[in-house]
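What follows is a single structure, written as structure tokens, with notes after it.
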Amino acid sequence: MTKFSPYWWDEQPQFKNEKEFPFSSDVVVIGAGFTGLSAALTLSKAGKSVIVVDSAAIGYGASTRNGGMLGSGHKVSTDDATRQYGPKIASQLHQEANASLAFTTNLIQENQIECELQLCGRLRTAWLPKDQIDMSSNLKKLQSIENFNSNMINPEKMPESIKTDLYFGGQLFKDHGAVQPRKFHYGLLQLAIKAGAKVYGESEVFDVKRESNAKHNTFKISTIKGSILCSDVLMATNGYTRNNLSKYLARRVLPVPSFIITTEDIGVEKVQALLPGSNCIVETRKRYCYYRPTPCGRRIMLGTRAAMHAVSAEEALPIIRKMLLEIFPSLETVKISHCWTGFTGFNYSKLPSLDCNDGVYAALGYCGNGVAMAPYLGHKAALKILNPEKRVTVFEEISLQTRPYYFGIPWFLPLATIYFRVYDLFDYYRRQRALKK
Ligand SMILES: Cc1cc2nc3c(=O)[nH]c(=O)nc-3n(C[C@H](O)[C@H](O)[C@H](O)COP(=O)(O)OP(=O)(O)OC[C@H]3O[C@@H](n4cnc5c(N)ncnc54)[C@H](O)[C@@H]3O)c2cc1C
Numbered sequence: 025m026t027k028f029s030p031y032w033w034d035e036q037p038q039f040k041n042e043k044e045f046p047f048s049s050d051v052v053v054i055g056a057g058f059t060g061l062s063a064a065l066t067l068s069k070a071g072k073s074v075i076v077v078d079s080a081a082i083g084y085g086a087s088t089r090n091g092g093m094l095g096s097g098h099k100v101s102t103d104d105a106t107r108q109y110g111p112k113i114a115s116q117l118h119q120e121a122n123a124s125l126a127f128t129t130n131l132i133q134e135n136q137i138e139c140e141l142q143l144c145g146r147l148r149t150a151w152l153p154k155d156q157i158d159m160s161s162n163l164k165k166l167q168s169i170e171n172f173n174s175n176m177i178n179p180e181k182m183p184e185s186i187k188t189d190l191y192f193g194g195q196l197f198k199d200h201g202a203v204q205p206r207k208f209h210y211g212l213l214q215l216a217i218k219a220g221a222k223v224y225g226e227s228e229v230f231d232v233k234r235e236s237n238a239k240h241n242t243f244k245i246s247t248i249k250g251s252i253l254c255s256d257v258l259m260a261t262n263g264y265t266r267n268n269l270s271k272y273l274a275r276r277v278l279p280v281p282s283f284i285i286t287t288e289d290i291g292v293e294k295v296q297a298l299l300p301g302s303n304c305i306v307e308t309r310k311r312y313c314y315y316r317p318t319p320c321g322r323r324i325m326l327g328t329r330a331a332m333h334a335v336s337a338e339e340a341l342p343i344i345r346k347m348l349l350e351i352f353p354s355l356e357t358v359k360i361s362h363c364w365t366g367f368t369g370f371n372y373s374k375l376p377s378l379d380c381n382d383g384v385y386a387a388l389g390y391c392g393n394g395v396a397m398a399p400y401l402g403h404k405a406a407l408k409i410l411n412p413e414k415r416v417t418v419f420e421e422i423s424l425q426t427r428p429y430y431f432g433i434p435w436f437l438p439l440a441t442i443y444f445r446v447y448d449l450f451d452y453y454r455r456q457r458a459l460k461k
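This note's numbering puts the first residue of the sequence shown at 25, with every later residue one more than the last.
Have a look at this one:
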């Protein structure tokens, strides 16, 4: 029987804070995922009193539902970033992507967080021959900005990493890795608590009001457990940001779901036979399948877009399974042990953002790439709160945009599902044409 909850949740108990709910602090952080906890850790270490509140159980959001792929890189190419923001910002975007990976890897290693960190590398696989050429040219541009540990893999070398004939080569990111995300989240939570942060689940925030007086700003944070007065607020709600919390942010961050399945235990030998490189794999096609061996090395986990709008994991299961079988037909008789979904946060720039609107900070917009970036940007948001005059990151320059007729309820995502399903067919057509050449 398939379980419709994250595979990771089988292995780690929920943390519950039974201590009395406090009513004032220096900073309130809304959202207890990677972003919120990392910000709380840095702020607490700097001597601030911090309360972190989450509407659901602590760790309910994407931070414990993701594929655990630890990597860097943006959804926007260097050329597009240069066109839009100029060469200086484009360079900094690349540098800070690398910095986020180094930051989070160090955070885990220095604090000895037990989260099954594997520095296994990530292979980005080319769906079309053109993708291989584009990746190669982008790699040269990125290396000229700041060197990083990556090289192209020719098609004939691909079987050393993966046993499928679907791809036309790939790009290997050698410093990327993988974690058990729920364990990473739990370790980060313990560090933040140890540093002095108070973290509460089941404490939904429904209003953030600024109450200014002559001396300093005061915010009143209304939660279902009572109100908290504080000097600074950080929204760390990413794909779980809704209108009832912030109309401003809900208009700027789209909740786009992602879906994952995990196979039953198929044994180390079978996994190794299919994924001999033990890398995390991500594809270039729009469908964007990403997969990896689980930390025990006995199962394969695969995520993809089953729909652009929220559908149940039950509904998504046959769609994702079909993708798994397309890549590895030999898994036809294998059972799926887990299937689940969670929300990523996409903004219109397709880049993370450290925003400040009317004195309220927000760090979000990871576009499905937050295992390394969310702890990093949470840390940067904390530095900004500690020193508001100082520019702490390039992501301050990435403004959160909205669009006309979008008021925070993504009515158009079901239409986007149809658009992308047609696009997926087009992707197959292009691949067939490439194969004939
Ligand atoms: C299925 C899936 C697979 C993914 N795979 C990967 C991957 O392999 N690699 C990678 O780099 N990234 C991946 N991601 C993205 C990554 O998980 C996220 O970018 C990252 O976890 C975001 O962390 P966060 O702390 O900002 O947000 P979250 O962890 O989503 O936390 C936000 C929290 O805010 C809380 N909240 C919302 N509203 C309120 C309110 N009103 N009051 C109080 N609390 C509130 C929510 O309950 C939630 O717990 C994946 C995401 C998903 C969904």
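Just so you know, even glycine gets a beta-carbon here, dropped at the ideal spot from N, CA and C.
Computed from a predicted model, the values in this text were never measured in an experiment.
Around the Cβ of Arg-309, a 10 Å sphere holds 16 or more other Cβ atoms; the residue is buried.
Within the DSSP bridge table, the entry for Tyr-224 names Val-77 as partners. For Met-159, the enclosing alpha helix (DSSP H) covers residues 153 to 169. Annotated three-state conformation of Phe-28 is coil, per DSSP. Judged by pairs of C-beta atoms under 8 Å, the region 193 to 202 touches the region 302 to 317, as three or more such pairs exist.
Annotation for Phe-352: Thr-188 and Leu-298 place their beta carbon closer than 7 Å to its own, counting only its chain and skipping 5 residues before and after. DSSP, reduced to helix, strand and coil, places His-362 within a strand of the structure shown.
Taking 8 Å as the upper bound for CB-CB distance, Ser-373 and Phe-419 are not in contact here, some 10 Å apart. Remark: C-beta atoms of Pro-205 and Trp-32 approach each other more closely than 8 Å.
Tyr-443: member of the alpha helix (DSSP H) spanning 437 to 460, first to last residue. For Tyr-314, the beta-bridge partners assigned by DSSP are Val-306 and Gly-327. Counting only runs of 4+ residues, the alpha helix (DSSP H) found wholly inside the region 37 to 105 occupies 58 to 69, in chain order.
Per DSSP, Pro-399 is one residue of the alpha helix (DSSP H) stretching across 397 to 410.
The beta carbon of Arg-89 lies closer than 7 Å to those of Pro-30, Trp-364 and Gly-366 in the same chain, with the five residues before and after it left out. Burial of Tyr-314 is indicated by the presence of at least 16 other C-beta atoms within 10 angstroms of its C-beta. Between Ala-274 and Arg-266, the gap from beta carbon to beta carbon is short of 8 Å.
Listed in chain order, the non-local C-beta contacts of Ala-340 below 8 Å within the same chain comprise Phe-283, Ala-330, Ala-331, Cys-363 and Thr-365, local neighbours out to five positions each way being set aside.
Cβ contact annotation for Thr-242 (same chain, cutoff 8 Å, sequence separation greater than five): Arg-234, Glu-235, Ser-236, Leu-253, Cys-254 and Ser-255, in chain order. A distance below 6 Å between beta-carbons, with the five flanking residues on each side excluded, links Ile-169 to the following residues of its chain, in chain order: Ser-115 and His-118.
Taken atom to atom, the span from the alpha-carbon of Pro-281 to that of Tyr-312 is near 13 Å. DSSP, reduced to helix, strand and coil, places Arg-275 outside both helices and strands of the structure shown, so it counts as coil. When rounded, the separation of the alpha-carbon atoms in Asn-178 and Phe-208 is 34 Å. In terms of CA proximity to Tyr-385, Leu-424 leads the group Leu-424, Glu-356 and Val-203. Counting other Cβ atoms within 10 Å of its Cβ, Asn-411 stays below 16 and is therefore classed as exposed.
Taking C-beta atoms under 8 Å as the contact rule, Asn-122 and Ser-87 fail to qualify, at a distance of about 22 Å. Counting every other CB atom within 10 Å of its CB across the protein chains shown gives Met-397 a total of 16 or more, marking it as buried.
In the three-state DSSP reduction, Pro-205 falls in the helix class (H, G or I). Contact between the region 143 to 162 and the region 448 to 461 is established, with three or more Cβ pairs separated by less than 8 Å.
With distances taken between CA atoms, Glu-42 lies nearest to Glu-226 out of Asp-379, Glu-226 and Asp-231. Distances taken from the Cβ of Glu-228 to the heavy atoms of ligand 1 include one shorter than 7 Å.
Gly-402 and Trp-435 have their C-alpha atoms roughly 30 Å apart.
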